[in-house]
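Residues 1 to 153 (the UniProt record's numbering) make up the sequence shown, in order. Yeah, the Cβ is synthetic: ideal placement off N, Cα and C, and Gly gets one too. Worksheet for the structure shown next.
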Amino acid sequence: MKTYSPFLYVTLATYFLITSCNQTKTIEQQMDSQHTICYIAISANDTAWLKIDTSSKQIKGLLTFSYANKKKFEGQFKGTINGDTLKGHYDFKVNKVDKWYRNPVAFLKKEGKLTMGVGEISMVWGSAFFDDKVPINYDKGRFVFDKVGECNP
């Protein structure tokens, strides 16, 4: 019986791991265009753009903030909708630097608009979450998103 070196097994396992990882679809590729809604918010010289797939209770989408000071935050949103509130996490990069950050985000839907809330953030095992003991304040929200017809940033 012929035996193969452990190097061959490690090489094959690495190959299959890499090729299977490259087949992962991006959030945008996973989105159902029939149920995708786009929003835009303008606050002074700053702009935010939100594109979400509402085909299920598990919401996914893209969120971008462009600030006048030339900082641009681009990333993915994943969350759930409960009544008139959309809560989740925003995984993003700043100015396309290859370092990911994560922040909790919350939106209140009212009169066809989404208002981004402001809340106290707690860290649990290195991840940021809204503090359950402090209500999210939607009146202090700087970005109020209006629905737009076309989904182009």
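Going by CA-CA distance only, name the one from L86, T47, M116 that's closest to E74. T47
inquiry  = Is the beta carbon of A128 closer than 9 angstroms to that of M116?
reply    = no
Q: Spatial neighbours of K109 within its chain, please: CB distance less than 6 angstroms, with the 5 preceding and 5 following residues excluded, ordered by chain position.
A: D84
Do K87 and K60 have their CB atoms nearer than 9 angstroms?
no
Fill in: Exposure of D53, with buried meaning 16 or more beta-carbon neighbours within 10 Å
buried
Q.
Between A44 and F145, how many whole angstroms is the CB-CB distance? I'm expecting something under 8 angstroms.
A. At roughly 15 angstroms, the Cβ-Cβ gap does not stay under 8 angstroms, so A44 and F145 are not in contact.
Original post:
Distance, Cα to Cα, L62 vs G112?
Top reply: 19 angstroms
- prompt: In whole angstroms, what is the alpha-carbon distance linking N69 and N95?
  reply: 11 angstroms
message = Applying the 10 Å Cβ sphere with the 16-neighbour rule, what's the burial state of R119?
response = Just to set this straight, residue 119 is Gly in the shown sequence, not Arg. Its Cβ being crowded by 16 or more others within 10 Å, G119 is buried.
- Query: Which parts of the region 55–99 are runs of the beta strand (DSSP E), unbroken and 3 residues or longer, counting only runs that do not cross its ends?
  - Reply: 58–66, 72–82, 85–94
In angstroms, rounded to a whole number, what distance separates the CA positions of V148 and D139? 22 angstroms
Note down, in chain order, each residue of its chain lying with its Cβ closer than 7 angstroms to the Cβ of C151, except the 5 sequence neighbours on either side. T36, C38, K51
* Where I121 and F130 are concerned, what is the direct C-alpha to C-alpha distance, given to the nearest angstrom? -> 5 angstroms
Report task. List the DSSP bridge partners of N137. Result -> V118
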